[in-house]
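J.:
Next comes the structure, spelled out in structure tokens:
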């Protein structure tokens with residue numbers, strides 16, 4: 001345990017040096033956050049499959065409860081119950097276009113985590129830093145509960161709970177709770193809690209700011225610890241995960257048709273039905289719900305008493321309760337769609353629920369087809385100020401304001417970008433699989449997977465830390 | 001699967017080259033021995049603890065169901081449901097005396113397994129090859145069900161089921177089923193099935209030969225596969241192990257007092273009681289039995305309806321049914337003491353049951369205190385030709401014959417050697433622990449252990465093989 005305390009102090013100092021401006025002391029957020037016994041209590045696991053390049057190296061780190069896929073290096077870091085998903089890393093020889101130049105990758109990309117503390121954080125996609133195409137870097141960073149580090153290299157950053165940094169590059173930034181940032185290259189910035197910020201240089205900028213009193217109900221920091229409805233929601237359901245983490249090969253109780261994949265580390269409760277090409281990721285939670293063909297539920301998603309017509313996306317951390325989703329609905333990161341038995345939420349085909357949207361229904365709600373939805377909604381009339389038909393949005397040019405939302409730029413680029421990305425997500429997940437290798441995605445490729453469990457030193461000075469581990473692919477040519 | 005077949009052929013060729021003389025073709029013993037699906041079905045596990053030097057390296061191998069402890073390298077080999085116990089390897093700086101010379105170890109000893117096929121084999125203790133003190137070598141070797149490679153470097157050998165090679169050095173030898181060899185340096189020898197051979201150069205030689213028709217009842221090869229009562233005994237109980245291998249942290253149902261240790265991978269059935277300083281190893285099986293203070297049950301031991309008064313040793317593979325053991329009884333490797341409800345076996349204090357002894361009682365049997373027992377016994381009167389008071393044996397000088405047993409040399413050296421070894425085993429296992437570090441042994445040192453599970457490629461060309469894995473200890477000085 002002595003060495004683990006030294007490691008925590010080491011990380012705090014490294015991060016604080018980076019965060020001189022904006023001035024943040026990450027110490028109180030991190031010190032004593034994880035009960036000391038827990039470091040040695042939970043195992044880590046990495047996936048073994050023929051479908052992804054594979055290489056792991058763990059050194060002087062504690063990685064309890066964390067799931068690794070792909071190529072990852074972890075050095076002098078604490079990763080607690082996090083997901084390090086390297087299945088969308090770029091491969092050697094692939095071409096990246098940047099400013100009209102075509103750059104060829106000299107090696108497979110590797111997720112490189114150094115001197116960082118990640119608490120229940122999801123790392124996914126790949127580096128969008130054109131200067132570091134072969135490395136998805138996370139260094140000198142503290143990231144707290146249910147943060148998403150998605151396609152964003154972060155160096156010297158502090159992410160509060162439920163923050164998402166998406167397809168960006170962040171240096172020395174402090175990102176507030178429940179803020180969503182997709183804004184290119186950022187440096188030495190403080191981003192307020194509850195800000196939804198999507199920016200493409202020379203094309204558009206979208207901003208929404210949650211009112212403080214509303215945000216605080218759902219997520220706030222109290223004495224450096226997260227509180228609120230979102231935290232309670234997770235806490236109330238965490239016991240359901242215990243049985244699946246106690247079995248070596250947990251088994252699911254649901255029929256999994258051809259081309260679909262249900263992680264053995266997902267929770268399925270009640271009556272669930274999963275159609276073809278559906279993907280249910282590890283740490284997803286499905287209860288009394290129907291997943292139509294090609295629909296997916298990613299890490300930390302909770303889908304309860306809901307029906308998905310098909311080809312719907314629930315991005316990382318999306319929570320969908322008492323909802324009916326038409327076809328091709330997109331629910332963004334960490335959204336909280338909280339319908340009730342008598343206040344159902346109906347979402348029309350093709351609609352886009354922006355990341356970090358909260359719909360906490362106090363009456364039945366209906367979102368028409370092909371709408372863009374954002375911000376905080378509790379009644380049907382709230383939709384007037386928090387949604388707009390996608391076709392109207394695509395027609396925007398110049399400045400636009402609706403309630404707490406501002407938009408500037410070319411609406412068509414914003415809408416096309418979103419539509420393009422949703423299609424890409426569905427492709428990646430294998431929603432359109434027709435039996436061919438070309439159309440296969442995560443749902444098909446994660447079927448033949450095995451999980452390897454790693455446990456830390458159970459006692460003594462090294463308690464909670466892991467030995468140094470290298471795992472390399474077997475080269476058939478060796479024989 | 002293609003690569004696994006190539007690996008099997010590679011091993012067969014390597015071993016056959018070594019076994020030109022005596023001429024053995026190991027191919028038919030190994031080909032199709034393990035159902036192809038099973039290679040990918042079972043996980044391997046290695047232990048992590050602060051109490052033993054730690055280092056693992058697995059390369060181009062299949063190690064399903066195998067347990068590793070200590071420092072082990074495995075290269076181009078198949079280890080199936082075997083135990084590679086490196087907890088008695090010699091440490092860097094320790095002194096080995098050989099021919100009056102004192103040799104200091106320049107490194108920690110490592111078990112090095114190359115180009116070998118081990119089926120349900122136990123590897124334990126350390127190298128007794130003075131030419132290779134830092135390496136416990138197993139290469140170009142095929143070893144079958146429940147063989148014991150104990151403190152014996154084996155190169156180019158074939159061990160049939162239930163064979164034990166103990167504290168020896170074997171080059172290019174074929175060791176028959178159920179034969180026990182402790183005979184110094186052996187080269188290009190064929191050892192018949194059912195031969196018990198203990199030899200110390202210039203001191204003594206003990207020989208016993210099982211009658212063929214009796215041995216065949218218990219263990220024989222039929223179409224290159226093992227058959228007989230001993231195999232049936234294991235097969236009938238193997239289902240009992242399934243639940244413990246399905247849990248990440250299997251829990252035992254028995255109270256474990258201070259200083260005692262019960263492996264989570266042992267089976268405990270019915271009413272069992274374990275006293276202080278008892279050690280129950282992984283893959284041991286205890287049913288309705290009492291283990292007095294300091295008693296132990298090692299790998300592949302089955303103790304059923306029996307009582308141990310204390311400080312008793314059940315060496316690897318010992319099976320003890322309906323027996324009552326007085327204090328400090330020793331039951332040697334792979335012995336089969338098969339008492340019955342109405343034919344109990346009583347063994348007096350201080351008696352030594354030689355390795356590979358079969359007592360299959362058809363009437364109640366009583367062995368007095370301080371006797372040496374060997375060979376095949378089913379009735380009380382058989383003891384006349386298969387046992388002798390240890391004090392009488394210690395008085396032997398020159399040649400001695402009793403039934404199928406011959407002895408030549410100095411009896412006192414034989415008896416003293418045995419007594420010394422039993423004391424050493426009890427010390428190693430922590431039977432005499434008084435709370436001090438000096439008296440601690442395996443029972444105390446394996447309490448704070450965690451198990452790491454490794455799984456092979458689940459599908460495809462590499463199915464059943466493992467990625468290349470290196471596991472090194474964490475160096476606290478790194479921070």
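Chains as they are written, first to last, in full-length UniProt numbering: chain S, 1 to 479; chain U, 1 to 479.
Note that beta-carbon positions come from the ideal geometry of N, C-alpha and C, so glycine has one too.
#1: Listed from N- to C-terminal order along the chain, which residues in the stretch 444-473 of chain U have their beta-carbon within a distance smaller than 8 Å of any beta-carbon of chain S?
#2: So, does the CB of residue 53 of chain U fall closer than 8 Å to a CB anywhere in chain S?
#3: For residue 493 of chain S, which of helix, strand or coil comes out of DSSP?
#4: Which runs of the beta strand (DSSP E) spanning at least 3 residues fall entirely within the stretch 136-168 of chain S, listed in chain order?
#5: For residue 355 of chain S and residue 334 of chain S, which I take to be in contact (beta-carbon distance under 8 Å), what is that distance rounded to the nearest angstrom?
#6: Name the two residues that bound the continuous beta strand (DSSP E) containing residue 187 of chain S.
#7: Between the C-alpha atoms of residue 296 of chain U and residue 458 of chain S, what's the straight-line distance to the nearest angstrom?
#8: If you measure beta-carbon to beta-carbon, which residues of the stretch 36-48 of chain S are closer than 9 Å to chain U?
#9: Quick one: measure Cβ to Cβ for residue 375 of chain S and residue 405 of chain S, integer angstroms, because I've assumed they're closer than 8 Å.
#10: Which partner residues of residue 452 of chain U appear in the DSSP bridge assignment?
#11: For residue 278 of chain U, does the three-state DSSP call read helix, strand or coil?
#12: Please give me, in chain order, every unbroken run of the beta strand (DSSP E) with length at least 3 that falls completely inside the stretch 35-99 of chain U.
#13: Give me the Cβ distance between residue 78 of chain S and residue 111 of chain S, rounded to the nearest whole Å; I'm assuming they're in contact under 8 Å.
#14: Between residue 246 of chain U and chain S, is there a C-beta pair that is closer than 8 Å?
#15: So the candidates are S/467, S/478, S/474 and S/13; which of them puts its Cα closest to the Cα of residue 64 of chain S?
#16: Does the stretch 96-112 of chain S come close enough to the stretch 121-140 of chain S to have 3 or more Cβ pairs within less than 8 Å?
#17: Alpha carbon to alpha carbon, what distance is there between residue 1 of chain S and residue 58 of chain S?
#18: Taking Cβ-Cβ distances shorter than 7 Å, what residues in chain A pair up with residue 50 of chain S?
#19: Within 10 angstroms of the Cβ of residue 155 of chain U, are there 16 or more other Cβ atoms? Answer buried if so, exposed if not.
#20: Residues of chain S with a CB under 8 Å from the CB of residue 249 of chain U: which are they?
#21: Out of S/17, S/164, S/116 and S/170, which one is the CA nearest neighbour of residue 195 of chain S?
#22: Hey, out of S/151, S/56 and S/180, whose CA is closest to residue 160 of chain S's CA?
#23: In whole angstroms, what separates the C-alpha of residue 100 of chain S from that of residue 279 of chain S?
#24: Identify every residue that forms a DSSP beta bridge with residue 352 of chain U.
#25: So, with DSSP's three-state summary, where would you put residue 3 of chain U?
#26: Would you say residue 34 of chain S and residue 115 of chain S are within 8 Å of each other, going by their C-beta atoms?
#27: Let's test the definition: count the other Cβ atoms within 10 Å of the Cβ of residue 5 of chain U and tell me whether it reaches 16, buried, or not, exposed.
#28: In the DSSP assignment, the alpha helix (DSSP H) including residue 225 of chain U goes from what residue to what residue?
#29: Nearest-angstrom Cα distance between residue 317 of chain U and residue 338 of chain U?
#30: Check for me: the beta strand (DSSP E) holding residue 470 of chain U runs from which residue to which?
#31: Alpha carbon to alpha carbon, how far is residue 145 of chain U from residue 29 of chain U? Give it in angstroms, no decimals.
#32: Bridge partners of residue 480 of chain S, per DSSP?
#33: If you draw a straight line from the alpha carbon of residue 357 of chain S to that of residue 23 of chain S, how long is it in whole angstroms?
T.: Straight from the coordinates:
#1: 448, 449, 450, 451, 452, 453, 454, 455, 456, 457, 458, 459, 460, 461, 462, 465, 466, 467, 468, 469, 470, 471, 472 and 473
#2: In the second chain, counting from the first residue as 1, residue 53 of chain U sits at position 53. No, no contact with chain S.
#3: This structure does not reach residue 493 of chain S, given that chain S is present from 1 up to 479, and the question cannot be answered.
#4: 148-150, 153-155 and 164-166
#5: On the first chain, residue 355 of chain S is found 355 positions in, with the first residue counted as 1. On the first chain, residue 334 of chain S is found 334 positions in, with the first residue counted as 1. Their Cβ separation, rounded to whole angstroms, is 6 Å, which keeps residue 355 of chain S and residue 334 of chain S in contact under 8 Å.
#6: The sequence position of residue 187 of chain S within the first chain is 187, counting from 1. Here the beta strand (DSSP E) through residue 187 of chain S covers 185-187.
#7: Here residue 296 of chain U corresponds to residue number 296 of the second chain, with the count starting at 1. Here residue 458 of chain S corresponds to residue number 458 of the first chain, with the count starting at 1. Between residue 296 of chain U and residue 458 of chain S, the C-alpha separation is close to 24 Å.
#8: 40, 43, 45 and 48
#9: Residue 375 of chain S sits at position 375 when you count from the first residue of the first chain. Residue 405 of chain S sits at position 405 when you count from the first residue of the first chain. Residue 375 of chain S to residue 405 of chain S, Cβ: 7 Å. Contact.
#10: Locating residue 452 of chain U in the second chain gives position 452, where the first residue counts as 1. Bridge partners of residue 452 of chain U: U/46.
#11: As a working mapping, residue 278 of chain U is identified with position 278 in the second chain. Residue 278 of chain U falls in the coil class under three-state DSSP.
#12: 44-48, 55-59, 67-69, 71-75, 78-80, 83-85 and 95-98
#13: Reading the first chain from its first residue, position 78 is the one you call residue 78 of chain S. Reading the first chain from its first residue, position 111 is the one you call residue 111 of chain S. With 8 Å as the limit, residue 78 of chain S and residue 111 of chain S do not qualify as a contact, their Cβ atoms being about 16 Å apart.
#14: Along the second chain, one-based indexing puts residue 246 of chain U at 246. Judged by the 8 Å Cβ criterion, residue 246 of chain U is in contact with chain S.
#15: Along the first chain, one-based indexing puts residue 64 of chain S at 64. Among S/467, S/478, S/474 and S/13, the Cα nearest to that of residue 64 of chain S belongs to S/467.
#16: yes
#17: Numbered from its first residue, the first chain carries residue 58 of chain S at position 58. Numbered from its first residue, the first chain carries residue 1 of chain S at position 1. When rounded, the distance between both Cα atoms is 18 Å.
#18: Any reference to chain A falls outside this structure, whose protein chains are S and U.
#19: Working through the second chain from its first residue, we reach residue 155 of chain U at position 155. Label assigned to residue 155 of chain U: buried.
#20: Within the second chain, residue 249 of chain U is the residue found at index 249, counting from 1. By Cβ distance, chain S contributes 246.
#21: Position 195 of the first chain, counted from the first residue, corresponds to residue 195 of chain S. Comparing Cα-Cα distances from residue 195 of chain S to each of S/17, S/164, S/116 and S/170, the minimum goes to S/164.
#22: Taking the first residue of the first chain as 1, we reach residue 160 of chain S at position 160. Comparing Cα positions, the closest option is S/180.
#23: Stepping through the first chain from its first residue, residue 100 of chain S is reached at position 100. Stepping through the first chain from its first residue, residue 279 of chain S is reached at position 279. Approximately 35 Å between the Cα atoms of the pair.
#24: Start at 1 with the first residue of the second chain, and residue 352 of chain U comes out as number 352. Answer is U/330 and U/372, bridged to residue 352 of chain U.
#25: In the second chain, counting from the first residue as 1, residue 3 of chain U sits at position 3. Correct three-state label for residue 3 of chain U: helix.
#26: Looking up residue 34 of chain S in the first chain gives position 34. Looking up residue 115 of chain S in the first chain gives position 115. Going by C-beta atoms, residue 34 of chain S is not nearer than 8 Å to residue 115 of chain S.
#27: If you number the second chain from 1, residue 5 of chain U lands on position 5. Counting Cβ neighbours within 10 Å, residue 5 of chain U comes out exposed, since fewer than 16 surround it.
#28: In the second chain, residue 225 of chain U corresponds to position 225, counting from 1. Run containing residue 225 of chain U: none in the alpha helix (DSSP H); it sits in the beta strand (DSSP E), 225-227.
#29: Against the second chain, residue 317 of chain U aligns to sequence position 317. Against the second chain, residue 338 of chain U aligns to sequence position 338. Those two C-alpha atoms are separated by around 13 Å.
#30: If you number the second chain from 1, residue 470 of chain U lands on position 470. Residue 470 of chain U -> beta strand (DSSP E) spans 468-472.
#31: Translated into positions along the second chain, residue 29 of chain U becomes position 29. Translated into positions along the second chain, residue 145 of chain U becomes position 145. C-alpha separation (whole angstroms): 11 Å.
#32: An answer regarding residue 480 of chain S cannot be provided, because it is not within the stretch 1 to 479 covered by chain S.
#33: As a position in the first chain, residue 357 of chain S is number 357, starting the count at 1. As a position in the first chain, residue 23 of chain S is number 23, starting the count at 1. Roughly 29 Å separates the two Cα atoms.
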